[in-house]
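Student: Dropping the structure in here first, questions after.
Protein chains in written order, with my numbering: chain P, 1 to 482; chain B, 483 to 964.
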């Protein structure tokens, strides 16, 4: 029995009705994840994991091109190591999972399941680094980390998540700063060009920086409900960790010095960003560069032309499966309409329809997920048209997301207007800030908006703090955030 | 100051003197790993991790070609889930790490850090599988697992290790059996052809099978000290887990049935096998197909020809870096001899020497790690010769390892001789066994040798059990093992 054409879309809550529910409906229906029988944890299903693998490949290539190597450090961190850096332990201790027993024995020292690996990596760097010749050390690790979260949301905030964490050690302060900025630029490049998500890059305030860092940089994206999402961070750690872990080197001038460090990471949280930036009421919309499936072939089978159509579909699959991530949906018992809905829910960028009439005319019908546009393409032109069209989709998705962000980025000097915008429109608000943590905190308490970042690009001229009216230190981005 | 040519080799204990110490010396000197400040855990350094990445790529390709998809399941397993399958919990409970506290709260139910993921995956399969249309499910997961080991040895047995675990569910018993056998064949193919390690494939005895399996298959390799190493396993789980986790499906005949399952895995332990099969007193010897670096260019610099030689080395690097994993060791302050030793320690399959005389003659000198043979190759012939030579090395390494295994595989019908072989020569012993667990256990108690596997290929004809003299059920491989 063919299932009804509308099943899929009907089961998804519209975004305007309940955005959070829409998000959950879509990722479950698209089989991106499922809830696990462990508090706050999720299962990343093959479709979601395939997206992550594509993201990993493209990021890993960039890391290696910038001179980094991958390594693997232990999952467990002895409590005493975590406690060495005061700010670090204060920031992370309340949200870690503790291993207290191994086999049948109670442990003499409790172990933390890594929430991040600065502590264990610094302990190793102290051993590996002796001379300036050993520097820089440029390592990255792909792994799972655990943060014991009270309120969780799939991909955005889960007790366990997957990520990469870069950890570097340098001779000079300038080099560490350059590295932190360089890797943030790598993230900007990846997120904008591969995920089609425009971001604002800048520095975090003291209040929002990483526990143990000298300075934290971040990229901030705007979701389609007008809330911001921190999409990646990069930290100049200064010598904070070097001093407590005693990571020293003999410099060329024969002086023993502490190294300068950086760390930086992005996580499966980016999957949440893709969903919330590009998705709509019909489901996901995957950027072609990282889409698990870039093109899906759906045959329009009639009784008469059954074999020919299936054979043509198979030939198309064979022709393109080396150059594209393409699938042929030849399942029996499902109508073409039902299949269209399912692949739209999964956000496949391009659908290729092929039926008896198309065979006759030596053509296929291509339907874009991003615009819904149909295009009839001669069979012979496909080889050129498919990659070109995927590129157009990728470009258009970034353009659309940029336009949305621009529409939803407001500028104001009035706190009254600020409150109104946050309440009624959300989005980013660009405003002046005096640099005082008190103003930052009061704004948060009164509006739930936080300073997302102090953008690298600062306007000329003076201004007054949106809250206290004193002379402003900088222009910053405010938003309510995930 | 140029370091002495001999530093490296001198610091490594010869294999004949102390094999265990040789193993540790080599992996530390070659920077494969380092000890971590956590009991039983290790750090996989970039050189070791790069080997693992190459292994992963080649295995993952094979998994995907056989229809498997990757997914990710939670690190933590609630105690109650682990306890569902009786044999499984009995096998694993004594060696797991327990999380008992999250943040500041004591957990109401303890969590196990996964020692393997059958329990958590079966809980999900019970939810995902309803109809025969949902079958088979063919998933794989790359992840870290934890087993609280009392005695550890880097790569071979560590409290945390990296691995892949395949988990499949099928309609019929035959399909599950076919899958378990097919994936063992994939392991044989990978380990023999990519790692150049010959293996014996067969079934484990009841005593040695996986906790919860119906049947376990394994591949067994022989290390250069004559001890065996289990290099990979594949399990036909039958319906053991399906019944306790209630994984049922409505079959085509409208009957509700339990699924049939398999699971299979290999781990970073294979790195230990590579080291112990191919390494020698000069260090590691990497099989070209997975070697982190396949070719290293070492320039012979003289004062007069310095720039020319360095430029020639750089050109060679540029020419081959797209097609090979090649490095150019242009470090200052190290003599060529010192570099030779270091790259030999790291087991780079091929060294390319280039000096002023080679430039004149438009040639390079190639030196093989596996045989030490030198070969002068015209510059113009390199493009063809390099990949061909790497293939020859790969083939030769497998041939050598096979010859070693043959020399060290003994056949006997006398228990006295059996004991003598195990004591004096080690290696594999092929012998008849009645199938009785009592004989198996007594042999182990008296000789420390275990039944590695019951090989798929069984001789014709009858025999008598090596221990009790009763009619033998099969011919089996015995060995002392890691």
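Yeah, the Cβ is synthetic: ideal placement off N, Cα and C, and Gly gets one too. Keep in mind the model is a prediction, meaning the values are calculated, not measured.
Just to check my reading of the structure: residue 132 of chain P and residue 251 of chain P have Cβ atoms closer than 8 Å, yes? What is that Cβ distance to the nearest angstrom?
Tutor: Yes, they are in contact, since the Cβ atoms of residue 132 of chain P and residue 251 of chain P sit about 5 Å apart, within 8 Å.
Student: For the region 15 to 41 of chain P, enumerate the residues whose C-beta is nearer than 7 Å to any C-beta of chain B, in chain order.
Tutor: For the region 15 to 41 of chain P, which is checked against every Cβ of chain B, the residues closer than 7 Å are 34, 36, 37, 38, 41.
Student: Rounded to the nearest angstrom, what separates residue 553 of chain B and residue 442 of chain P at their Cα positions?
Tutor: Residue 553 of chain B and residue 442 of chain P: Cα-Cα distance of roughly 44 Å.
Student: Decide yes or no for the touch test of the region 518 to 532 of chain B against the region 15 to 26 of chain P: beta carbon pairs closer than 8 Å, at least 3 of them.
Tutor: As far as the Cβ criterion goes, the region 518 to 532 of chain B does not touch the region 15 to 26 of chain P, which means the pair count is below three.
Student: Please confirm if residue 475 of chain P has its CB atom under 8 Å from at least one CB of chain B.
Tutor: Residue 475 of chain P does not count as touching chain B.
Student: Kindly list the residues whose CB is nearer than 8 Å to the CB of residue 633 of chain B, restricted to its own chain and excluding five residues on each side of it in sequence; keep chain order.
Tutor: So the list reads 639, once near-sequence residues are dropped.
Student: What span of residues does the beta strand (DSSP E) with residue 170 of chain P cover, start to end?
Tutor: Residue 170 of chain P -> beta strand (DSSP E) spans 160 to 170.
Student: What separation, rounded to the nearest whole angstrom, lies between the Cα atoms of residue 920 of chain B and residue 950 of chain B?
Tutor: Each residue's alpha carbon lies about 10 Å from the other.
Student: Contact defined as beta carbons within less than 8 Å: I believe residue 212 of chain P pairs with residue 88 of chain P. What is the distance between those atoms, to the nearest angstrom?
Tutor: Sure, about 4 Å apart at Cβ, within 8 Å.
Student: Measuring alpha carbon to alpha carbon, tell me which of B:689, B:544, B:846, B:940 ends up nearest residue 781 of chain B.
Tutor: Among B:689, B:544, B:846, B:940, the Cα nearest to that of residue 781 of chain B is on B:846.
Student: Give the interface partners of residue 94 of chain P over in chain B, defined as CB-CB distance under 9 Å, in chain order.
Tutor: By Cβ distance, chain B contributes 585, 586.
Student: Against chain P, with Cβ distances strictly below 8 Å, would residue 772 of chain B count as a contact?
Tutor: Not one chain P Cβ lies under 8 Å of residue 772 of chain B.
Student: Can you tell which of P:476, P:461, P:380 has the C-alpha that lies nearest to the C-alpha of residue 418 of chain P?
Tutor: Among P:476, P:461, P:380, the Cα nearest to that of residue 418 of chain P belongs to P:476.
Student: Give the single residue among B:510, B:939, B:770 whose Cα lies nearest to the Cα of residue 878 of chain B.
Tutor: It is B:770.
Student: So does the region 702 to 715 of chain B actually touch the region 645 to 655 of chain B, counting three or more Cβ pairs closer than 8 Å?
Tutor: Segments in contact, no.
Student: Enumerate in chain order the residues of its own chain whose CB-to-CB distance from residue 483 of chain B is below 6 Å, with the five nearest sequence positions on each side excluded.
Tutor: Because residue 483 of chain B carries a pLDDT of 35, less than 50, the predicted location of this residue cannot be relied on, and the following value inherits that uncertainty. Once the five neighbours on either side are set aside, residue 483 of chain B has no close Cβ partner at all.
Student: Flag this pair as touching only if the region 302 to 321 of chain P and the region 56 to 73 of chain P have three or more C-beta atom pairs under 8 Å; answer yes or no.
Tutor: At 8 Å Cβ cutoff, the stretches do not touch.
Student: With DSSP collapsed to three states, give me the class of residue 604 of chain B.
Tutor: Three-state result, residue 604 of chain B: helix.
Student: Give a yes or no on contact between the region 258 to 274 of chain P and the region 176 to 188 of chain P, applying the rule of three or more CB pairs nearer than 8 Å.
Tutor: These segments touch.
Student: Mind listing the chain B neighbours of residue 45 of chain P? Cutoff is C-beta to C-beta under 7 Å, in chain order.
Tutor: The contacting residues are 553.
Student: So, does the CB of residue 483 of chain B fall closer than 8 Å to a CB anywhere in chain P?
Tutor: Caution is warranted here: a pLDDT of 35 is assigned to residue 483 of chain B, below 50, making its placement in the model unreliable, and the coordinate value is therefore given only provisionally. So no, residue 483 of chain B is outside the interface.
Student: Taking its Cβ as the centre, do 16 or more other Cβ atoms sit within 10 Å of residue 424 of chain P, making it buried, or is it exposed?
Tutor: That one is exposed.
Student: Spell out whether any CB of chain P is found under 8 Å from the CB atom of residue 713 of chain B.
Tutor: Cβ-Cβ to chain P under 8 Å: no for residue 713 of chain B.
Student: Please classify residue 184 of chain P as buried or exposed, where buried requires at least 16 other C-beta atoms within 10 Å of its C-beta.
Tutor: By the 10 Å Cβ count, residue 184 of chain P comes out buried.
Student: Identify the residues that DSSP records as bridge partners of residue 101 of chain P: which are they?
Tutor: Answer is P:106, B:580, bridged to residue 101 of chain P.
Student: Checking 8 Å against the spacing of the C-beta atoms, do residue 668 of chain B and residue 643 of chain B come in under that value?
Tutor: No, they are not a contact pair.
Student: Using DSSP's beta-bridge definition, name the partner residues of residue 913 of chain B.
Tutor: The partner list for residue 913 of chain B (beta bridge, DSSP) reads B:958.
Student: Under 9 Å Cβ-Cβ, which residues of chain B neighbour residue 81 of chain P?
Tutor: Chain B residues near residue 81 of chain P: 519, 520.
Student: For residue 182 of chain P, which of P:197, P:113, P:66 has the nearest alpha-carbon?
Tutor: Looking at the Cα atoms, P:66 is the closest of the given residues.
Student: Expressed to the nearest angstrom, what Euclidean distance is found between the alpha-carbon atoms of residue 886 of chain B and residue 754 of chain B?
Tutor: The alpha-carbon atoms of residue 886 of chain B and residue 754 of chain B are separated by roughly 17 Å.
Student: For the structure I just gave you, are there three or more beta carbon pairs, one from the region 75 to 88 of chain P and one from the region 277 to 297 of chain P, closer than 8 Å?
Tutor: No, the region 75 to 88 of chain P does not touch the region 277 to 297 of chain P.
Student: Shortest alpha-carbon distance to residue 927 of chain B belongs to which of B:935, B:961, B:941?
Tutor: Looking at the Cα atoms, B:961 is the closest of the given residues.
Student: Could you work out which residues of chain B lie near residue 53 of chain P, taking near to mean beta carbons separated by less than 8 Å?
Tutor: Within 8 Å Cβ-Cβ: 552.
Student: Does the beta-carbon distance from residue 772 of chain B to residue 593 of chain B come in below 8 Å?
Tutor: No.
Student: Smallest Cα separation from residue 390 of chain P: which of P:373, P:254, P:339, P:406?
Tutor: Nearest of P:373, P:254, P:339, P:406 to residue 390 of chain P, Cα basis: P:373.
Student: Within a Cβ cutoff of 8 Å, which residues of the same chain sit near residue 691 of chain B, ignoring the five residues on either side of it in sequence?
Tutor: Cβ within range, chain order: 697, 698, 717.
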